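S.K.:
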Amino acid sequence: MSPNDVIVPVRTTFLPFALPSIGQEEISEVVDSLQSGWITAGPKVKRFEEDFAAYVGADHAIAVNSCTAALHIALTAMGIGPGDEVIVPTLTFCSTANVVVHLGARPVLVDIGADFTVRAEDIERAITPRTKAIIPVHYSGQACELDSLYELAHSHGLAVVEDAAHAVGGEYHDQKIGSRQLGQSLQKGRHAVCFSFYAIKNLATGEGGMITTADTKLAERMRLLTLHGMSRDAWKRYSGSGSWYYEVLAAGYKDNMTDIQASMGLHQLKKLDRFIQTRARYARLYDEAFAGMPEIETPLLQGDRRHAWHLYVIKLGLERLTIDRARFIEALRAHNIGTSVHFIPVHLHPYYQEQFGYRPGDLKHAEYVYDRIVSLPLYPGMAEEDVCDVIAAVRHVVSANRR
Ligand SMILES: Cc1ncc(COP(=O)(O)O)c(C=O)c1O
């Protein structure tokens, strides 16, 4: 295509990369909370925790105000601190590594496998006597190969904090991510799963998160840490049957969820399976459309897992194209299609280079992948015609820039 060619956009209106799906049920429930006078953590948070635990099959679910808080609380409760190392895949959102830094520990960044999740062999190579925990990230909503990760963690006595920010509703070997069945081979107190309910996640509460675990002592410790380390939460103190007295048992944080957020969560959870079915249907449409295009590599699916389809990430065959990823994204933008990139590898960020000495070239597969990935719009609020527009725009961009 020559620079003077005029593009006729596939769409006349802009298709955002992502949008939450909020219905009247969520709106009415939020209004109910506002009118009730109970707007911080209260009965709806408790109900949301119970419903969530039942949905994933967890013994304990603790609601917090973000997945970042969930990861931080879980690592804190496990006693991670200065001098410790925590292994984190580099292809993740920065907060997975930031929380390790907050605790004075060292994030040890490792490479990713063909499905963009972390592999046991890469973790094993990074283990030192200082390693205390690993944070596998269920990238895009497809679980990591958990059996081999648990086995490795068990044999080295490491804690596992799963970053399931993308994976609510996902399954591994027919068990929901976060269920008590997964990770049961680990020693007690060494396993927690952290979810995100950020605005555009599969289940959205604006900001929000959840931690699940099968360990009662760890759950109690994490719950204590979410609210200043106080022995009684607000509901226990200020409801009709409450008492004003509390004791501070730890220097905790202010990470609790509110009833306003839980109001949304209660209804989003009921709709979650339907949301994921729609996401999966759209993902299949993308898969089928791109199957015959060697310039576009579709996500690598693992047969023993149910993908939660938070993200649909294509990998560009740059060798077959005359443009790079940045120009591919610009070209889609010219067709009124919004996209995103998940993620800039953590080891390429200036802070991690300056503080921990990482350099480009350190984690080669993640860098190779990063140069080529584009996340396409995938959310239940899209109409099937929107999906068709994205497919048409990708086809246009590829055929205009084929090598
Ligand atoms: C992989 C991953 N981990 C953690 C987080 C942090 O989630 P939150 O925004 O709920 O703190 C995100 C957010 O996008 C994420 O993508």
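Using the working numbering, read the sequence shown as starting at 542 and increasing by one per residue.
Positions of the beta carbon are idealized from the N, C-alpha and C atoms, including for glycine.
Remember, it's a predicted structure, so these values are computed and weren't measured experimentally.
1) In chain order, what are the residue ranges of uninterrupted beta strand (DSSP E) at least 3 long that sit wholly in the stretch 735–782?
2) Counting only beta-carbon atoms, is residue 623 nearer than 8 Å to chain D?
3) Is residue 707 a contact residue of ligand 1, with contact defined as CB to any heavy atom under 7 Å?
4) Run through the DSSP bridge pairs and tell me what residue 801 is partnered with.
5) Going by the CB atoms, is the gap between residue 604 and residue 798 shorter than 8 Å?
6) So the alpha helix (DSSP H) residue 637 belongs to, where does it begin and stop?
7) Using the rule of at least 16 other Cβ atoms within 10 Å of the residue's Cβ for burial, across every protein chain shown, is residue 850 buried or exposed?
8) Determine, using beta-carbon pairs with one atom in the stretch 654–674 and one in the stretch 704–723, whether at least three such pairs fall under 8 Å.
9) Checking the sheet assignment: what are the DSSP bridge partners for residue 675?
10) With a threshold of 16 other CB atoms inside 10 Å of the CB of residue 919, please say whether the residue is buried or exposed.
11) Using 8 Å as the threshold, is the stretch 603–618 in touch with the stretch 736–743, meaning 3 or more CB pairs across them?
12) Leaving out five residues before and five after residue 881 in sequence, what residues of the same chain have Cβ atoms less than 6 Å from its Cβ?
13) Looking at the secondary structure, which residues open and close the beta strand (DSSP E) in which residue 647 lies?
14) How about residue 750 and residue 639: do their beta carbons lie closer than 8 Å?
15) Can you tell me whether DSSP reads residue 602 as helix, strand or coil?
16) If we call anything under 8 Å between Cβ atoms a contact, is residue 793 one with residue 759?
17) Check this for me: beta carbons of residue 629 and residue 801, under 8 Å apart or not?
18) Residue 704: beta carbon under 7 Å from a heavy atom of ligand 1?
19) Which residue wins for smallest C-alpha separation from residue 777, given the options 553, 867, 586 and 618?
20) Check whether the stretch 883–899 and the stretch 833–843 are in contact - that is, three or more C-beta pairs closer than 8 Å.
21) Rounded to a whole number of angstroms, what is the C-alpha to C-alpha distance between residue 933 and residue 906?
22) CA-CA distance, residue 747 and residue 771?
23) Starting from residue 939, trace the alpha helix (DSSP H) both ways and give me its first and last residue.
24) Have a look at 601, 642, 635 and 602 and flag the residue whose alpha-carbon is nearest the alpha-carbon of residue 617.
25) Have a look at 935, 892 and 788 and flag the residue whose alpha-carbon is nearest the alpha-carbon of residue 635.
26) Which residue or residues does DSSP assign as beta-bridge partners of residue 917?
27) Does the beta-carbon of residue 739, which I'm using as the reference point, lie nearer than 7 Å to any heavy atom of ligand 1?
28) Could you tell me whether the stretch 866–875 touches the stretch 930–944, where touching means 3 or more Cβ pairs closer than 8 Å?
29) Relative to ligand 1, is the shortest distance from any of its heavy atoms to the C-beta of residue 558 smaller than 7 Å?
M.R.: On the basis of the supplied data:
1) 750–754
2) Note that chain D does not occur in the displayed structure, where there is just one protein chain.
3) yes
4) Residue 801 pairs with nothing; no bridge assigned.
5) yes
6) Run containing residue 637: 635–643, per the alpha helix (DSSP H) assignment.
7) buried
8) no
9) Note: residue 675 is bridge-paired with 628 and 701 in the DSSP secondary-structure output.
10) buried
11) yes
12) Cβ neighbours of residue 881 beyond the five flanking positions: 558 and 916.
13) Segment 647–651, the beta strand (DSSP E) holding residue 647.
14) no
15) strand
16) Their beta carbons are not under 8 Å apart, which means residue 793 does not touch residue 759 by this criterion.
17) no
18) At least one heavy atom of ligand 1 is found less than 7 Å from the C-beta of residue 704.
19) Nearest of 553, 867, 586 and 618 to residue 777, Cα basis: 586.
20) no
21) 30 Å
22) 26 Å
23) 925–941
24) Closest by alpha carbon: 642.
25) 892
26) Residue 917 is bridged to 853.
27) At least one heavy atom of ligand 1 is nearer than 7 Å to the Cβ of residue 739, so yes.
28) yes
29) no
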